[in-house]
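Colleague:
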Amino acid sequence: MEVINRYITIKHHVDGAPQDSDFELKSSPLSLSLEPGSDEVIVKNLYVSIDPYQLNRMKSYSSSQESSAYAVAITPGEDIDAYGVGKVVASGNPKFDKGDIVSGLLKWGEFTVVKPGGMLNKLDPMGFPLSYHAGILAFSGLTAYAGLFEICKPKKGEKVFVSAALGSVGNLVGQFAKVFGCYVVGCAGSKEKVALLKEKLGFDDAFNYREETDLKSTLRRYFPDGIDIYFDNVGGDMQEAAVSNMNINGRIAVCGVISEYTDREKRAAPSMIDVVYKRIKIQGFLAGDYLNLFGDFLSTTCDHLRTGKIQPLEDISEGVESIPSALINLFRGQNIGKKIIKIAEQ
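Residues 85 to 430 (our numbering) make up the sequence shown, in order.
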């Protein structure tokens with residue numbers, strides 16, 4: 085049987101904010117039958133993740149492309165891999181059978197041919213929607229969990245600030261910290277998002293950074309006794325303001341610097357005197373560094389989901405053709421929670 089596989093590519097390198105004109109929807113025939121002796125697996129993609137780091141892969145150059153196997157450069161015209169969930173439609177690999185639900189590195193397309201050695205695992209949904217396994221129960225969740233608990237090592241009652249707090253990672257950091265017993269304040273880009281942080285996710289407080297003209301004073305207002313932990317998703321001016329308000333022995337987990345991804349001039353310049361004399365720890369990290377925690381993370385998060393202590397926050401669009409606008413809107417702050425594309429029904 086042969087199908088037409090539709091998938092997304094970039095037409096050229098993308099060195100600024102992504103635009104619709106940077107992307108192309110391509111299609112090519114794909115046989116769903118494997119040759120005898122083949123050890124490949126053909127997966128029908130069901131859900132794929134949309135993440136800001138993909139933009140750095142699309143640039144003509146980014147130092148991130150040399151630092152991680154998951155962040156290698158994307159060549160214009162080639163298909164793009166991303167984390168996702170799918171269903172096996174054909175398998176020459178004895179580890180997988182037709183009909184298996186799997187998760188791993190798939191493509192921004194309708195089907196993925198996974199070669200030997202590719203990241204692919206059988207998936208037990210554990211009673212949760214499959215979309216959860218592309219976000220809250222996958223790398224977005226692990227990123228939040230590892231960054232908070234392994235890098236920042238919170239103590240009950242400590243004061244935590246989260247930027248981009250309604251994003252895929254930030255919302256979970258705040259919720260994990262609240263369940264643990266911390267005081268949590270987040271920032272987001274609209275009044276509606278601020279309301280969600282406080283009313284749905286249980287943050288102690290939140291503010292709209294677009295309404296603030298002096299971020300250092302703003303953080304001083306929300307943290308009169310200083311910040312113990314800052315989970316940084318944006319970099320730039322917000323990082324500078326957080327450092328100036330950190331307490332002695334404060335910890336900063338640098339998960340992302342999304343403000344720099346589209347504007348190279350927006351680089352953070354925190355006071356290094358504060359860093360030294362307050363003995364502030366600043367550490368960048370990748371979720372892949374903490375795969376050893378995945379079992380603990382999964383068990384803890386599933387328990388919190390089942391008891392309602394953590395609320396899932398998903399922003400799901402449908403169809404391969406919606407992938408470009410989904411990525412573009414991440415950089416316009418238009419997503420709420422984890423951005424996922426539903427490619428097909430199971």
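Every residue gets a Cβ at the ideal spot worked out from N, C-alpha and C, and that includes glycine.
Only a predicted model underlies this, so the values are computations on that prediction, with no experimental measurement involved.
Round the Cβ separation of F415 and L226 to the nearest angstrom and send it over; I've been treating them as touching at under 8 angstroms.
Modeller: Not quite, the Cβ-Cβ distance comes to about 23 angstroms (not below 8 angstroms), so this is no contact.
Colleague: Count the other CB atoms within 10 Å of the CB of N205; is the residue buried (16 or more) or exposed (fewer)?
Modeller: Per the 10 Å Cβ criterion, exposed.
Colleague: Evaluate contact between the stretch 397-409 and the stretch 268-275, counting only Cβ atoms and requiring at least three cross-stretch pairs below 8 angstroms.
Modeller: The stretch 397-409 is not in contact with the stretch 268-275.
Colleague: Apart from the five residues on each side of it in sequence, which residues of its chain come closer than 8 angstroms, Cβ to Cβ, to S152?
Modeller: So the list reads L370 and G372, once near-sequence residues are dropped.
Colleague: Which residues does DSSP list as the beta-bridge partners of L389?
Modeller: Beta-bridge pairing links L389 to no other residue.
Colleague: Near K237, what residues of its chain come up, given a Cβ to Cβ distance below 8 angstroms and the 5 sequence neighbours on each side ignored?
Modeller: Here the set comprises R335.
Colleague: Assign I332 to buried or exposed, taking buried as 16 or more other Cβ atoms, counted over all protein chains shown, within 10 Å of its Cβ.
Modeller: That one is exposed.
Colleague: Span of the beta strand (DSSP E) holding S112?
Modeller: F107 to S115 is the span of the beta strand (DSSP E), which, as asked, contains S112.
Colleague: Would you tell me roughly how many angstroms separate the C-alpha atoms of T93 and L303, rounded to the nearest one?
Modeller: Computed Cα separation, rounded: 41 angstroms.
Colleague: Go ahead and pull the three-state DSSP assignment for I313.
Modeller: Residue state, collapsed to three classes: strand.
Colleague: Cα separation between N419 and A155?
Modeller: Between N419 and A155, the C-alpha separation is close to 22 angstroms.
Colleague: So K243 and D312 are in contact, right, with Cβ under 8 angstroms, and what is the actual spacing, rounded?
Modeller: K243 to D312, Cβ: 5 angstroms. Contact.
Colleague: Who pairs with K262 in a beta bridge, going by DSSP?
Modeller: DSSP lists no partner for K262.
Colleague: Looking at the secondary structure, which residues open and close the beta strand (DSSP E) in which G170 lies?
Modeller: Start and end: D165 to S175.
Colleague: Can you tell which of F223, F212 and D165 has its C-alpha closest to the C-alpha of T489?
Modeller: As displayed, the chain neither begins before 85 nor continues past 430, which places residue 489 out of reach and without an answer.
Colleague: If you check the beta carbons only, do L189 and M203 fall under 7 angstroms apart?
Modeller: Yes; because the gap between Cβ atoms is below 7 angstroms, this pair is in contact.
Colleague: Would you call the CB atoms of V327 and S301 closer than 7 angstroms?
Modeller: Cβ atoms of V327 and S301: not closer than 7 angstroms.
Colleague: How is the alpha helix (DSSP H) around F369 delimited, first residue to last?
Modeller: Looking at the DSSP string, F369 is not in any alpha helix (DSSP H), and its letter there is neither H nor E.
Colleague: Let me make sure I understand the geometry here. Which of E344, E296, K350 and G368 has the alpha-carbon closest to that of Y314?
Modeller: The candidate whose alpha carbon is nearest that of Y314 is G368.
Colleague: Quick one, are the C-beta atoms of M142 and I158 less than 7 angstroms apart?
Modeller: Yes, Cβ-Cβ distance for M142 and I158 is below 7 angstroms.
Colleague: According to DSSP, is T227 part of a helix, a strand, or is it coil?
Modeller: Three-state DSSP puts T227 in a helix.
Colleague: Bridge partners of F195, per DSSP?
Modeller: Beta-bridge pairing links F195 to K128.
Colleague: State buried or exposed for M85, treating a residue as buried only when at least 16 other CB atoms are found within 10 Å of its CB.
Modeller: Looking at its Cβ environment, which holds fewer than 16 other Cβ atoms inside 10 Å, M85 is exposed.
Colleague: Please go through the same chain and pick out, in chain order, the residues whose beta-carbon is closer than 6 angstroms to the beta-carbon of K393, but skip the five residues on each side of it.
Modeller: Same-chain partners within the cutoff: V263.
Colleague: Three-state secondary structure (DSSP) at L190?
Modeller: Reduced to three states, the DSSP call for L190 is strand.
Colleague: Could you say if the stretch 219-233 and the stretch 247-260 meet the contact criterion of at least three C-beta pairs nearer than 8 angstroms?
Modeller: Contact between the stretch 219-233 and the stretch 247-260 is present, because at least three Cβ pairs lie under 8 angstroms.
Colleague: Given that a residue counts as buried once 16 or more other Cβ atoms are within 10 Å of its Cβ, and exposed if not, what is P396?
Modeller: So P396 ends up on the buried side.
Colleague: Buried or exposed: where does D347 fall if 16 or more other Cβ atoms within 10 Å of its Cβ makes it buried?
Modeller: Exposed is the call here.
Colleague: Alpha carbon to alpha carbon, how far is E429 from S409?
Modeller: So the alpha carbons of these two residues sit roughly 21 angstroms apart.
Colleague: Report the rounded CA-to-CA distance for K182 versus Y361, giving the unit in angstroms.
Modeller: Approximately 59 angstroms between the Cα atoms of the pair.
Colleague: I need the straight-line Cα distance from I185 to D387, nearest angstrom please.
Modeller: Those two C-alpha atoms are separated by around 22 angstroms.
Colleague: Are I235 and A337 touching if we call contact CB-CB under 7 angstroms?
Modeller: A contact, by the Cβ cut-off of 7 angstroms.
Colleague: Can you check whether the CB of S112 is closer than 7 angstroms to the CB of N89?
Modeller: Contact flag set, yes.
Colleague: Going by alpha carbons, who is nearest to K239 out of S122, G265 and E108?
Modeller: Out of S122, G265 and E108, G265 has the C-alpha closest to the C-alpha of K239.
Colleague: Do you know how far the Cα of C339 is from the Cα of A352?
Modeller: Cα-Cα distance, rounded: 14 angstroms.
Colleague: Between the C-alpha atoms of P178 and Y91, what's the straight-line distance to the nearest angstrom?
Modeller: The alpha-carbon atoms of P178 and Y91 are separated by roughly 27 angstroms.
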